[in-house]
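The structure appears below as structure tokens.
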Amino acid sequence: MKKLISGWILVLLLPFVAAATDFSSTNFTVTNPIISAGSATSTSSNFGLGQSLSQTAIGKSTSESFQLWSGFQYYFTATKPTLTATAGSGQVALSWTAPTTYLGVAVGSYDLGTGTVSGSYTFQSVGNVTSYTKDGLTNGTTYYFVVRAKTSGGTVISISTEKSAAPAAASSGSAGSGGGGGGGYGTPAAGTASIIFKGLASPGATVFVLRDGAVAATTTADPAAAFQVTIGSLTTGIYSFSFYAEDTKGVKTPSHSFIQSVTSGVTTTVDNIFLGPTIGASHSIIKQGDTMNFFGYTAPASTVSVFVNSHQQYIEKVTAENSGAWFRAFNTAVLEIGGHTSKSQSAKANLLSPYSSTLEFHVGDKSVKASPSGESKRSDLNNDDRVNLTDFSILLYNWNKFGGKGDINNDGIVNLTDFSILLYDWTG
Numbered sequence: 000m001k002k003l004i005s006g007w008i009l010v011l012l013l014p015f016v017a018a019a020t021d022f023s024s025t026n027f028t029v030t031n032p033i034i035s036a037g038s039a040t041s042t043s044s045n046f047g048l049g050q051s052l053s054q055t056a057i058g059k060s061t062s063e064s065f066q067l068w069s070g071f072q073y074y075f076t077a078t079k080p081t082l083t084a085t086a087g088s089g090q091v092a093l094s095w096t097a098p099t100t101y102l103g104v105a106v107g108s109y110d111l112g113t114g115t116v117s118g119s120y121t122f123q124s125v126g127n128v129t130s131y132t133k134d135g136l137t138n139g140t141t142y143y144f145v146v147r148a149k150t151s152g153g154t155v156i157s158i159s160t161e162k163s164a165a166p167a168a169a170s171s172g173s174a175g176s177g178g179g180g181g182g183g184y185g186t187p188a189a190g191t192a193s194i195i196f197k198g199l200a201s202p203g204a205t206v207f208v209l210r211d212g213a214v215a216a217t218t219t220a221d222p223a224a225a226f227q228v229t230i231g232s233l234t235t236g237i238y239s240f241s242f243y244a245e246d247t248k249g250v251k252t253p254s255h256s257f258i259q260s261v262t263s264g265v266t267t268t269v270d271n272i273f274l275g276p277t278i279g280a281s282h283s284i285i286k287q288g289d290t291m292n293f294f295g296y297t298a299p300a301s302t303v304s305v306f307v308n309s310h311q312q313y314i315e316k317v318t319a320e321n322s323g324a325w326f327r328a329f330n331t332a333v334l335e336i337g338g339h340t341s342k343s344q345s346a347k348a349n350l351l352s353p354y355s356s357t358l359e360f361h362v363g364d365k366s367v368k369a370s371p372s373g374e375s376k377r378s379d380l381n382n383d384d385r386v387n388l389t390d391f392s393i394l395l396y397n398w399n400k401f402g403g404k405g406d407i408n409n410d411g412i413v414n415l416t417d418f419s420i421l422l423y424d425w426t427g
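The C-terminal residue of the sequence shown carries number 427 in numbering that gives the first Met the number 0, and the numbering is unbroken.
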């Protein structure tokens with residue numbers, strides 16, 4: 000039994016022994032070198048041997064048999080947010096600067112810490128914003144605040160210095176003698192609160208704002224992808240707000256939600272909202288070795304990370320064009336036969352978006368193009384997931400008919416407008 004075990008150990012060790020590389024010259028040989036943090040040099044009367052230890056640069060190295068992710072992203076740094084606190088009646092208005100980040104890390108959200116004792120805090124998530132009003136506080140009590148920045152995965156990357164503030168009731172002013180009218184502070188009327196939302200989507204995208212599950216407002220993002228929405232006539236309370244965008248091709252982003260409290264008479268601003276990119280794929284089934292195309296829309300000049308999930312994760316990066324469009328070709332030769340998923344995420348300056356929707360696709364022995372999404376689906380008149388001659392024939396059959404099946408724009412008649420839309424959505 001001992002001989003058998005020894006034999007197995009010898010077999011297991013053989014690949015490691017064979018992997019060693021000797022370094023030699025006409026004067027010396029370095030046998031089985033290993034990484035060592037010891038002496039930087041070794042010398043004798045005949046030779047000198049130097050070594051250095053260093054961190055490799057950020058990036059990915061690949062070959063036919065392996066991938067290596069390396070670099071300083073494992074040792075990221077970030078500056079501290081600069082926090083300010085302004086006391087009001089029963090509340091403190093807080094704002095902070097976004098930290099400057101280095102070496103591959105980005106801010107995904109913030110936590111606000113509140114306490115009545117310096118250095119001791121209760122934290123709450125406030126989303127990826129740089130201002131927040133903490134209400135429900137006791138006038139005359141000193142509160143201590145810090146804000147901490149986190150990655151989208153929840154890792155804390157920096158914490159601000161502590162700030163304190165003591166809420167106080169507003170003075171009410173005294174009436175003048177002889178019955179003259181008294182000035183001063185009055186209780187704000189109900190329904191006078193408002194909230195302003197600022198953020199990024201994609202150029203020309205329609206942005207939907209939902210309050211407590213119902214659409215409260217819509218707006219269109221400008222050519223730089225920026226949007227701003229004001230919701231007014233709110234009463235004091237806590238509201239649930241959600242956002243999503245529909246790009247110019249009719250593809251929707253995932254919904255981004257958070258809770259916000261508002262106070263009558265106060266306008267709250269929530270900025271740095273960054274809605275996730277949209278994503279599409281060229282195929283639902285792809286032949287192994289063929290090229291899969293991923294595409295979508297986001298803010299111009301954003302860095303889009305495309306994640307392809309297999310037994311290991313592949314990450315490809317691309318910069319969005321001025322139109323917000325992004326495109327990335329991916330060689331599926333590295334993917335095994337079977338099901339896979341893909342999603343994307345955008346980064347711009349110090350902002351990191353949520354993930355896009357997740358796409359599912361299959362790697363097999365043939366390729367099948369993906370179903371039309373967004374606007375293209377409207378022209379798929381026979382529901383075969385294609386827009387082609389069959390749909391064109393259906394449209395011609397219903398030409399000039401009122402309420403016919405080819406009435407793509409729902410204006411009551413099948414005509415040249417519908418034909419133009421069908422050509423725009425053509426997939427072949």
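Glycine residues also receive a C-beta, built at the ideal position from the N, C-alpha and C atoms.
A distance below 8 angstroms separates the beta carbons of H282 and V367. F226 is bridged by DSSP to G198. Each residue's CA atom was taken as its position, placing S343 and P353 some 9 angstroms apart. Between the C-alpha atoms of G405 and W425 there is a straight-line separation of about 14 angstroms.
As DSSP reads the structure, I258 sits in a beta bridge with S239. Only residues of its own chain outside the window of five on either side were considered, and among them V206, F226 and V228 have a CB closer than 6 angstroms to the CB of T218, listed in chain order. Separation of I285 and K365 (C-alpha to C-alpha, rounded to the nearest whole angstrom) is 6 angstroms. Within the region 298-381, complete beta strand (DSSP E) segments of at least 3 residues are found at 302-308, 312-318, 324-330, 337-347 and 358-363, given in chain order. When secondary structure is reduced to three states using DSSP, L274 falls in the coil class, being assigned neither helix nor strand. Restricting attention to P299, G338 and D390, the CA atom closest to the CA of K347 is found in P299. Below 8 angstroms, enough C-beta pairs join the region 139-151 and the region 104-118 to call them touching: three or more.
The beta carbons of T340 and T318 sit no closer together than 8 angstroms. The beta carbon of D246 is closer than 6 angstroms to those of S201, A204, T277 and Y296 in its chain, skipping five residues each way along the sequence. The straight-line gap separating the alpha-carbon atoms of H361 and G338 is approximately 4 angstroms. Per DSSP, reduced to three states, the secondary structure at D134 is strand.
The closest CA to that of F273, considering only S241, S163 and V250, is found on S241. A distance below 7 angstroms between beta-carbons, with the five flanking residues on each side excluded, links T113 to the following residues of its chain, in chain order: Y120, T121, K133, Y142 and F144. Its chain contains P80, T81, L82, T83, Y109, T129, S130, V146 and S159 as the residues whose beta carbon lies nearer than 8 angstroms to that of W95, once the 5 sequence neighbours on both sides are disregarded; these appear in chain order.
Annotated three-state conformation of D110 is strand, per DSSP. Proximity to T78 across P98, S260, I237 and V261 peaks at P98, based on C-alpha coordinates. When the beta-carbon positions are compared, L233 and V208 stay at least 8 angstroms from each other. Pairing S378 with I412 gives a Cβ-Cβ distance that is not under 8 angstroms. By the CB criterion at 8 angstroms, S256 and T235 fall outside the cutoff. Restricting attention to N127, D211 and G198, the CA atom closest to the CA of P222 is found in G198. Taking the C-beta atoms as reference points, A332 is found no nearer than 8 angstroms to V265.
Restricting attention to Q311, G231 and F196, the CA atom closest to the CA of A220 is found in F196. The continuous alpha helix (DSSP H) containing I393 extends over residues L388 to Y396.
Minimum Cα-Cα distance from T389 among the listed residues N414, L421, L415 and I314 corresponds to L421. Taking S23 as the centre and dropping the five residues before and after it, the same chain places the C-beta of V29 closer than 8 angstroms to its C-beta, in chain order. Residue pairing from DSSP leaves G405 without any beta-bridge partner. Rounded to whole angstroms, the Cβ separation of A165 and T140 is 6 angstroms, and the two are in contact under 8 angstroms.
Beta-bridge annotation (DSSP): G153 is not paired with any residue.
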